[in-house]
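Here is the structure we will look at.
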Amino acid sequence: MSFKMKYEITKKYLTSKTKRRSGTKMPTVKFIVAHDTGNKGSTALNNVTYYENSNNSESASAHLFVDDKFIYECIPALTGTPEKAWHVLYNKTKDNELYGCDANDAAIGVEYCYGSKINSAEAYKRYVWVMACICYKFNLDPKKSITAHFILDPERKSDPKSGLADSGRTYEQLLKDIVLEYEDCTKVETPAPAVVDTLTKVIFTVDNKAFDGFMRNGSNYVPASALKEKLGDELSWNNVTKELKVNGILANTIFKDNINYVSAQFVISLGHKVAPDTANKKLYIS
Ligand SMILES: [Zn+2]
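Shown next as structure tokens:
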């Protein structure tokens, strides 16, 4: 199974061994915490720049910031060996109840940037996609592995409910959309079936001369030039529109091996008689 990489994830790591980025590896990724920045109009880059500029004065952090144009990863998660970020207070117990560990030790934190000049709908698509991508990368069930900051710390936090509400979306919708996105990005594309043409002999009863034709999807095809040669039909080719007319009638053609073919049905419509002998792969035209 593979995952459709619809968007680019841009590395913009904070300086390591700082308060915001300790550099401590995360042994296993068990779940995802959905956040929003709580700061309408501040872009992914604004946030990462602010984090970097204050990397030793404050400790709060998250792995990814997503807006309508960029997905920035400032603590390694998808683009490098995952490290811990500080996005949920350690003294909160809901994460331990739900997943048996602290979010900071085992969860990727993803921040939604929204509102003002940020196209919230475009940002939302990337936000949904990147969480589906994290599920894929760390083999997480997208139906069970996403929680939210407001669930883990309800007294202090409302994100990402509040950010999503800014564009008329709900957290419940987000959960459903992540599952749909995961399914879409992991579905196996079945290639279109190869066209198999069966060679046939097109025989003109006027002198029993045979031409090569073929059968495709149950229909017989005849080289257009043979109609002119054997039945005196008038062909006109428009080199601009790439259209063929036979006796002034526009033909639906198949161009194959440098030859234009028309269907037996079209030959009948010109007033000729067509008698197929399917068992012997022959077609008689008179
Ligand atoms: Zn948060």
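Numbering (this note's numbering), first residue to last: 932 to 1217.
Each residue gets a CB set at the ideal place from its N, CA and C atoms; glycine is no exception.
Delimiting residues of the beta strand (DSSP E) encompassing residue i
i	result
Phe-1197	Element bounds for Phe-1197: not the beta strand (DSSP E) but the alpha helix (DSSP H), 1195-1200.
Ser-1167	1166-1169
Tyr-1215	1213-1216
Ala-1259	Here the chain has residues from 932 to 1217 only, and residue 1259 is not among them.
Thr-1131	1129-1135
Ala-1079	1077-1079
Asp-1208	1205-1208
Continuous alpha helix (DSSP H) stretch holding residue i: start and end
i	result
Lys-1068	1051-1068
His-966	His-966 -> not in any alpha helix (DSSP H); beta strand (DSSP E) instead, spanning 962-967.
Asp-1036	1034-1037
Environment of residue i [buried if 16+ CB atoms lie within 10 Å]
i	result
Ala-1210	exposed
Glu-1042	buried
Pro-1124	exposed
Lys-1015	buried
Ile-1199	exposed
Gly-1144	buried
Trp-1060	buried
Trp-1168	exposed
Met-932	exposed
Whole-angstrom distance between residue j and residue i, CA atom to CA atom
i	j	result
Ile-1185	Asp-1138	26 Å
Lys-1212	Pro-1154	15 Å
Arg-1057	Glu-1086	28 Å
Asn-1070	Val-960	9 Å
Val-979	Ala-1037	21 Å
Asp-1072	Ile-1065	10 Å
Asn-1178	Leu-1166	6 Å
Leu-1181	Leu-1158	14 Å
Met-936	Ala-1008	16 Å
Ile-1190	Glu-1174	13 Å
Ser-1047	Phe-996	16 Å
In DSSP terms, what residue i is bridged to
i	result
Val-997	Ile-1002 and Tyr-1043
Leu-1175	Trp-1168 and Ala-1182
Tyr-1152	Phe-1145 and Ser-1194
Thr-1121	DSSP lists no partner for Thr-1121.
Glu-1014	Lys-956
Contact belief for residue i with residue j at Cβ below 8 Å, rounded distance in angstroms
i	j	result
Ile-1006	Leu-945	7 Å
Asp-967	Gly-1094	3 Å
Tyr-1152	Val-1193	7 Å
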